[in-house]
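Counting from 24, one number per residue, gives the positions in the sequence shown under the numbering used here. Using N, Cα and C, we set each Cβ at its ideal position, and we do this for glycine too. Just below is one structure, and these are the notes that go with it.
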Amino acid sequence: MKRFLLYAFLPLIIIFLAGCANDEPPVDVKTEKISALDESTIISHDGKISLSDEQTILSKISGKVVATYCAGGQDVTENQPLFKIGTHEKETELLQAKTDLGENMTALAREISELNQAEQLLKKNSATAQEVSEKNFKVQERQAKLAEQQALVKKLEEETAAGIIISPITGQIGVDSVITGANVTENETVLAHVGKINPAAVHFEISPEEKNFLMAGTLKVLLKLSDGTTYQHEGKINFVENSTAAATFDNPEKKLPLGGAAHVEITGLKMPGALLVPEKSVQLRGEENYVFVVDSNKTAALKKISLGGKIGTYYIVKDGLRAGDSVVVEGLTNLRDGTPVKFRD
């Protein structure tokens, strides 16, 4: 009888357990569909704006930036002072030395006047030779002290002058320049970059596959600025070396600041039939690549895939996915095979 009851309730137990397994709360995710690359596909690269004839400015001495004479992104001229490197203690010492020098020059003028008066009185027998000798000694002593102070002021001026950093060219200073108060090391610390304003470029790394497609396509190259606006001039692609490309843009209005963040968008690549998967959806587990694919039941399934070269922020799919598959690009942290999902707004 007991065995009969067990067999009778077994289907209900299985259904109950299955229902419990599906009680796992859904995970919020964002997905993107796998699509074939065509000429409308946007390939993007992030980078920083560089300028032509760009030069790196290093600190000539160790110390601290005690003054900056221009703001990042401003126009500069050749030999224009950009920074002053030193210490506040050295600046204070120079100021005190100049003050002391001025006071002693005033005192010397007074003592020379007193000596002249004493010499005149000596001629009238209204002063003694001893008085004249004493005043002459004071003048000589003051002159010797002045010579020492003048040498000290010159030395301090030379030391502080060595910390005046000038622009090597006429152009624009980068937005990532050092600020007042920064500690710097001789011939190591980069103070700033300067470059000629036109043209501007954004450099980025490319795979051999992407280089082939860029060379074959009729490209449209746009630039998104850090404020989200699209730059008014279209660019063109140049190849710096095998693994580096540069999107170059005319910059007559000086709207592209040296060192500013930029987002390059390229359309017009020709790669018929190639499938692309977003880089941020791919997980490396061991030596294999995986993605989570969401099925029609809103369940995440872990799938192993085979990848080709990288194209912008995508990989070429060699095997494991089909056009139209939805892969998870956000919310991957809490996913496992079979997890139910819900889509973010």
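Pairwise C-alpha distance: residue j and residue i
i: phenylalanine 272; j: lysine 53; result: 34 Å
i: leucine 279; j: threonine 122; result: 46 Å
i: glutamine 255; j: leucine 242; result: 16 Å
i: arginine 76; j: asparagine 312; result: A small correction: the amino acid at residue 76 is aspartate; arginine does not occupy that position in the sequence shown. Looking at the two C-alpha atoms, the distance is approximately 42 Å.
i: glutamate 302; j: alanine 270; result: 21 Å
i: valine 213; j: valine 300; result: 39 Å
i: serine 67; j: asparagine 221; result: 23 Å
i: isoleucine 339; j: glutamate 233; result: 10 Å
i: phenylalanine 106; j: lysine 247; result: 31 Å
i: alanine 215; j: isoleucine 80; result: 5 Å
i: glycine 204; j: glutamate 228; result: 35 Å
i: isoleucine 72; j: tyrosine 337; result: 23 Å
i: asparagine 235; j: leucine 307; result: 26 Å
i: methionine 294; j: histidine 226; result: 23 Å
i: threonine 253; j: leucine 245; result: 7 Å
i: glycine 282; j: aspartate 61; result: 32 Å
i: glutamine 395; j: valine 305; result: The structure shown has nothing for residue 395, since the chain only spans 24 to 368.
i: valine 162; j: lysine 177; result: 22 Å
i: glycine 335; j: alanine 285; result: 14 Å
i: threonine 290; j: glycine 70; result: 17 Å
i: threonine 356; j: glutamate 257; result: 39 Å
i: alanine 268; j: aspartate 342; result: 28 Å
i: valine 89; j: glutamate 171; result: 27 Å
i: isoleucine 328; j: serine 200; result: 44 Å
i: threonine 193; j: asparagine 102; result: 8 Å
i: glutamate 47; j: serine 349; result: 21 Å
Reference residue i; option with closest CA among the options
i: leucine 138; options: Lys158, Asn148, Lys146, Leu144; result: Lys158
i: asparagine 319; options: Gly361, Ile328, Lys333, Thr356; result: As written in the sequence, residue 319 is serine, which differs from the asparagine given in the question. Closest option to serine 319, Cα to Cα, is Gly361.
i: isoleucine 260; options: Leu292, Gly296, Arg165; result: Leu292
i: valine 198; options: Gln163, Lys168, Thr253, Gln97; result: Gln97
i: alanine 94; options: Val217, Asp342, Gly70; result: Val217
i: proline 191; options: Gly240, Thr100, Phe160; result: Thr100
i: lysine 87; options: Lys321, Glu47, Asn206, Asp348; result: Asn206
Exposure of residue i, with buried meaning 16 or more beta-carbon neighbours within 10 Å
i: glutamine 195; result: buried
i: methionine 238; result: exposed
i: phenylalanine 262; result: exposed
i: glutamate 134; result: buried
i: leucine 118; result: exposed
i: alanine 132; result: exposed
i: isoleucine 65; result: exposed
i: threonine 129; result: exposed
i: serine 63; result: exposed
i: isoleucine 57; result: buried
i: serine 149; result: exposed
i: aspartate 250; result: exposed
i: serine 136; result: exposed
Other residues of its chain near residue i: CB distance less than 7 Å, five sequence neighbours each side excluded
i: aspartate 51; result: Gly354, Lys365, Arg367
i: leucine 325; result: Tyr313, Phe315, Asp360
i: alanine 59; result: Gly296, Ala297, Leu298, Ala346
i: asparagine 274; result: Ile220, Asn221, Pro222, Ala223
Close-in-space but distant-in-sequence residues of the same chain around residue i (CB under 8 Å, 5 per side omitted)
i: lysine 83; result: Ile108, Ala185, Gly186, Ile188, Glu209, Asn210
i: leucine 145; result: Thr151, Ala152, Glu154, Val155
i: glutamate 116; result: Leu179
i: lysine 168; result: Asn127
i: alanine 323; result: Val50, Val52, Phe315, Val316, Val317, Val351, Leu358, Arg359, Asp360, Gly361, Thr362, Pro363, Val364
i: asparagine 265; result: Pro231, Lys234
Own chain residues within Cβ distance below 6 Å of residue i, not counting five before or after
i: glutamine 416; result: No answer is possible for residue 416: the residues shown for the chain start at 24 and end at 368.
i: serine 85; result: Thr208, Glu209
i: lysine 277; result: Ile220
i: proline 104; result: Tyr92, Ile187, Ile189
i: leucine 175; result: Ala120
| said: Quick check on the DSSP output: what are the complete alpha helix (DSSP H) runs of length 4 or more inside the segment 128-212, in order along the chain? | reply: Look at the segment 128-212 and you find these whole runs of alpha helix (DSSP H), each 4 residues long or longer: 152-184.
| field | alpha helix (DSSP H) segments (min. 4 residues) lying fully within the segment 227-252 | value | 231-239, all fully within the segment 227-252.
| said: Runs of 3 residues minimum, wholly inside the segment 257-343: which ones carry the beta strand (DSSP E) assignment? | reply: Entirely contained in the segment 257-343, the beta strand (DSSP E) runs reaching 3 residues are, in chain order, 259-264, 267-272, 284-290, 298-301, 306-308, 311-317, 323-334, 337-342.
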